[in-house]
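In UniProt numbering, the protein residues as written are 1 to 994. For every residue, glycine included, the Cβ atom is placed at its ideal position computed from N, Cα and C.
In structure tokens form, the structure reads like this:
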């Protein structure tokens with residue numbers, strides 16, 4: 001996006017200038033010629049008034065208000081932020097005020113409060129613009145304009161000004177200011193505004209500012225009444241861009257000027273334009289225009305190296321950092337927090353910790369994003385004034401570490417001068433930071449120790465990545481740090497909050513509307529909720545899903561096809577990156593054969609090298625092939641399809657999903673040869689509750705795209721639950737549910753929504769961890785025919801049938817759809833009955849057990865039986881609702897809802913099920929209409945009214961930007977209770993204020 005910074009300065013308003021708006025109007029006309037802007041900020045660099053009279057500030061406020069309104073209208077860019085600092089004319093300095101001779105002998109800290117009191121009229125105005133509210137000397141804040149985060153450092157140089165031009169080197173800032181001016185690494189631009197150039201400041205203040213401003217992109221000064229752009233070079237070679245504001249005097253034409261700076265966040269280019277007043281024509285004309293050079297450190301990696309380092313391999317942008325989202329990071333160690341585990345670590349925390357601890361380890365699984373994070377930190381360290389060096393495995397030379405560092409410096413910094421490396425070596429060690437990408441790849445333990453020791457002993461800082469949380473290098477670094485513990489940061493998977501941020505950033509680059517962004521978020525949520533075993537939370541895979549949706553539109557993407565297509569494409573592309581097409585095709589068939597042997601033959605997740613060689617030998621014999629085991633293994637490991645254990649003596653598939661995919665491919669190949677050979681398919685179907693069998697079926701249904709498999713699953717589901725009746729709340733065949741406590745039918749508050757979204761993320765973590773740590777063959781074959789697993793099998797079958805209805809909707813005939821609908825409406829009700837009946841049969845024992853538990857654990861609480869019965873009924877009701885919602889979520893979208901409305905709606909339970917399906921489609925008006933109709937139809941059944949209210953409550957919580965007119969319909973239709981309207985009004989009030 002394109003941003004505009006308009007700098008006005010030294011306006012010197014008088015109270016009588018209230019009507020002098022001509023130049024401000026003409027300034028707007030001149031700015032309009034710059035073209036479309038997506039956002040704007042007004043920078044006012046001091047001397048709004050002439051004598052600091054309160055009436056002058058009123059005039060200044062009036063004039064700037066009119067200017068901002070007209071500028072916003074002209075640019076159509078919405079709200080324009082104002083960042084203003086005081087100048088010497090904004091101080092109250094009556095005749096007889098202290099002069100230069102007095103100030104010379106002052107201890108400035110002792111007189112600072114009385115100096116600030118001279119600015120009380122300015123502070124009254126600046127507070128309206130959210131400037132200098134908490135700190136009257138140094139106000140550091142960040143704002144976001146569009147999607148660009150800007151850091152502003154507003155400095156008050158007005159104190160110790162005098163009525164005479166004798167106050168050079170009087171202006172003073174306390175020493176704490178230097179610490180506050182640290183660059184925010186998350187900000188795209190750092191901008192400082194001060195009235196006086198630092199040359200007007202006393203010596204210590206000048207040195208503080210020169211050092212702090214070295215990290216700035218733009219510095220705006222006023223006071224000198226001369227508009228110009230200056231690139232300043234510090235003694236260490238660092239540079240920063242100064243924009244001097246001209247005098248924008250309302251009633252004097254001579255040398256009246258202002259500056260405009262444009263910034264394009266896509267190209268990262270800045271341009272400064274100076275406008276001067278042309279008296280004859282009564283307009284502002286551009287007299288100077290030029291690019292502003294990006295700030296340059298004294299020592300910084302070359303653009304060529306950074307372009308290579310930050311290259312976007314996803315081809316979304318030139319640099320991946322343009323859309324990079326910092327993952328959630330779990331910290332261990334006292335450098336981050338006194339808590340053992342923290343997940344809110346930011347860039348500032350990481351660099352603060354490495355300054356303290358001297359070394360940080362980043363851990364994470366393969367594909368978790370360690371390399372991307374390290375490269376992102378490398379680029380951010382440059383903005384923060386560090387001099388980074390990156391070491392990768394190919395760079396490491398144990399015998400000549402000094403030469404390695406010299407070579408790396410020249411590669412990354414270029415041949416900047418004859419003594420460039422010497423300059424680097426003699427620089428402040430605390431500013432030198434070494435990044436090691438995957439220290440595990442330095443396989444020799446002694447070599448690791450030598451490298452780490454040399455870095456620490458030299459005083460450099462260290463950030464390294466590793467797969468393992470515990471490394472022997474910890475002990476040596478601890479020793480070098482005199483017993484300090486290295487802090488460890490563990491990269492967490494991309495759960496919902498982080499995933500949504502990534503979707504937003506990538507979609508923003510493609511210019512997608514909010515409804516399109518929400519559609520992709522919903523599609524990914526579906527994958528996570530219904531296909532957790534198949535879904536990859538790794539950022540690289542996440543980007544593949546997002547790009548897939550961007551190319552074809554997310555629409556209403558449910559079912560198995562999307563994730564299966566992305567997965568299959570990635571598998572094929574991975575092997576093609578290592579082998580030519582003809583070899584890759586054969587290797588894929590060998591992988592099927594290996595998966596079949598491991599899963600159905602050996603029943604193991606891992607085989608040793610000799611087993612692999614034996615299996616490949618068998619394949620060669622069976623297929624008259626000549627696959628070389630070592631070459632095959634190397635290629636598949638490089639493609640991340642197989643992986644070797646650390647000891648390199650055993651081999652496994654890269655993850656459970658890859659294993660399941662090739663097992664499914666092997667089953668499909670057998671079925672293509674003989675459709676009556678159902679042995680392996682039957683095994684997987686019967687064991688669908690265990691291991692990766694449900695994932696195998698998901699892949700198989702995609703690979704075959706055959707309705708016969710789904711119809712067979714429907715038959716099996718009906719057969720499994722044949723002896724069970726359906727749950728029927730009108731007949732009250734699970735009576736304890738009707739004793740439920742009063743379940744809220746009030747509209748959810750904003751806190752309810754926050755809690756719900758937090759719970760979604762926790763559920764994602766629990767599911768992912770369960771899959772991550774669950775062994776494929778960790779089950780007892782004798783459990784298959786136990787009642788609990790029979791019921792769960794039927795539930796799994798129902799989920800698969802729902803997904804298949806979406807995937808194969810256009811290929812199904814009417815009679816086939818009818819069979820699927822009968823299964824979807826009937827089997828879940830039988831599952832609910834079977835699951836809750838055992839609680840019904842033992843409800844008295846459960847009540848008494850809970851009472852005894854309460855007496856033992858909560859002796860001070862009086863827990864009555866009636867309360868426990870209501871609570872059990874409430875929990876049972878939510879179990880039933882969750883089961884129905886699970887099936888409805890899987891089966892319903894804008895296409896299938898037409899057929900679902902034609903299902904067997906012969907009892908109230910089935911009608912509630914249809915309402916669930918309408919809710920999951922996401923069409924709010926249609927859902928509300930059906931909810932109101934069903935509420936009227938089942939008005940006499942209190943329990944039905946409760947269920948309907950809970951479904952409506954869920955819809956409000958999870959539907960973004962819901963139309964409040966639809967909520968009013970729910971209230972007037974008595975779906976939600978009328979006494980909850982006050983909550984609705986409260987929420988509307990909050991929204992209107994924001």
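* Residue range of the alpha helix (DSSP H) that residue 507 falls in? -> Here the alpha helix (DSSP H) through residue 507 covers 496-509.
* Just the Cα atoms here: how many angstroms apart are residue 477 and residue 357? -> In this predicted model, residue 477 has a pLDDT of only 48, less than 50, meaning its place in the structure is not dependable; the value taken from the coordinates is given anyway. Whole-angstrom Cα-Cα distance: 10 Å.
* In the DSSP assignment, what are the bridge partners of residue 490? -> In the DSSP output, where bridge partners are listed per residue, residue 490 has 330 and 363.
* Quick one: what does DSSP say residue 143 is sitting in, helix, strand or coil? -> If DSSP states are grouped into helix, strand and coil, residue 143 belongs with the strands.
* To do: Name, in chain order, the residues that DSSP records as bridge partners for residue 278.
  => Residue pairing of residue 278 in beta bridges, as defined by DSSP: 283.
* Under 8 Å, do residue 144 and residue 151 count as touching if we go by C-beta distance? -> No, Cβ-Cβ distance for residue 144 and residue 151 is not below 8 Å.
* **Cβ-based neighbour list, residue 721, same chain, cut-off 6 Å, excluding 5 preceding and 5 following** => Same-chain partners within the cutoff: 794, 827 and 830.
* Secondary structure of residue 721, DSSP reduced to three states -> Three-state result, residue 721: coil.
* Asked: Which residue comes first and which comes last in the beta strand (DSSP E) that contains residue 467?
  -> No beta strand (DSSP E) contains residue 467, which DSSP labels as neither H nor E.
* **Environment of residue 200 [buried if 16+ CB atoms lie within 10 Å]** => Residue 200 should be labelled buried.
* Collapsed DSSP secondary structure at residue 867 in the structure displayed -> If DSSP states are grouped into helix, strand and coil, residue 867 belongs with the helices.
* Which ranges would you report for the alpha helix (DSSP H) in the segment 90-126 if only whole runs of at least 4 residues count? -> Every alpha helix (DSSP H) stretch that sits fully inside the segment 90-126 and reaches 4 residues is listed by chain position as 100-104 and 108-117.
* Could you check where the beta strand (DSSP E) with residue 828 kicks off and where it finishes? -> Not the beta strand (DSSP E): residue 828 falls in the alpha helix (DSSP H), residues 814-841.
* Any contact of the segment 36-56 with the segment 76-94, i.e. 3+ C-beta pairs under 8 Å? -> Verdict: yes, contact present.
* Asked: Would the beta-carbon of residue 467 fall within 8 Å of that of residue 433?
  -> Not in contact: residue 467 and residue 433 (Cβ atoms no closer than 8 Å).
* Asked: What residues in its chain sit with their C-beta under 8 Å from that of residue 472, if we drop five residues either side in the sequence?
  -> With a pLDDT of only 46 at residue 472, under 50, the local geometry of the prediction cannot be trusted, and no value is derived from it.
* To do: To the nearest angstrom, report how far apart residue 8 and residue 256 are at their CA atoms.
  => If I take the Cα positions, the gap works out to 10 Å.
* To do: State the start and end residues of the unbroken alpha helix (DSSP H) segment that holds residue 585.
  => Per DSSP, residue 585 belongs to the alpha helix (DSSP H) from 581-596.
* Based on the DSSP output, what are the partners of residue 271 in its beta bridges? -> The partner list for residue 271 (beta bridge, DSSP) reads 262 and 291.
* To do: Alpha carbon to alpha carbon, how far is residue 965 from residue 924? Give it in angstroms, no decimals.
  => Distance between residue 924 and residue 965, taken at the CA atoms: about 11 Å.
* Give me the Cα-Cα distance between residue 595 and residue 664, rounded to the nearest whole angstrom. => CA-to-CA, the gap between residue 595 and residue 664 works out to about 9 Å.
* **Test item: CB-CB of residue 67 and residue 43 under 8 Å** => No. Outside cutoff.
* Use the C-beta contact count for residue 377: other C-beta atoms within 10 angstroms, 16 or more gives buried, fewer gives exposed. => Buried, because 16 or more other Cβ atoms sit within 10 Å of the Cβ of residue 377.
* To do: Consult DSSP for residue 171 and reduce its assignment to one of helix, strand or coil.
  => Assignment of residue 171 by DSSP, reduced to helix, strand and coil, places it in the strand class.
* Shortest alpha-carbon distance to residue 87 belongs to which of 584, 682, 284 and 155? -> It is 155 whose Cα lies nearest to the Cα of residue 87.
* Asked: How many angstroms separate the CA atom of residue 996 from the CA atom of residue 914?
  -> As shown, the chain starts at 1 and ends at 994. That puts residue 996 outside it, with no answer to give.
* residue 642: first and last residue of the uninterrupted beta strand (DSSP E) it sits in -> 642-644 is the span of the beta strand (DSSP E), which, as asked, contains residue 642.
* Near residue 837, which residues of its chain fall below 6 Å by C-beta distance, leaving aside the five closest residues on each side in sequence? -> There are no such residues.
* residue 814 to residue 716 span [Cα, whole Å] -> If you take the alpha carbons of residue 814 and residue 716, they lie about 20 Å apart.
* Beta-carbon spacing of residue 11, residue 248 below 8 Å -> Going by C-beta atoms, residue 11 is nearer than 8 Å to residue 248.
* Top-ranked residue by Cα proximity to residue 23, from 275, 45, 196 and 127 -> Checked all of 275, 45, 196 and 127; the closest Cα to residue 23 is 275.
* Just grab the DSSP bridge partners of residue 955 for me. => Bridge partners of residue 955: none, in fact.
* To do: Along the alpha helix (DSSP H) that carries residue 81, what are the first and last residues, could you check?
  => In the DSSP annotation of this structure, residue 81 is not part of any alpha helix (DSSP H); the continuous beta strand (DSSP E) holding it starts and ends at 81-84.
* Could you check what DSSP says for residue 892 in three-state terms: helix, strand or coil? => DSSP places residue 892 in the coil class of the three-state scheme, outside both helix and strand.
* Residues bridged to residue 256 [DSSP beta-bridge criterion] -> As a beta-bridge residue in DSSP terms, residue 256 pairs with 247.
* Asked: Around the C-beta of residue 544, are 16 or more other C-beta atoms found within 10 angstroms, so that it is buried, or is it exposed?
  -> Under this definition residue 544 is a buried residue.
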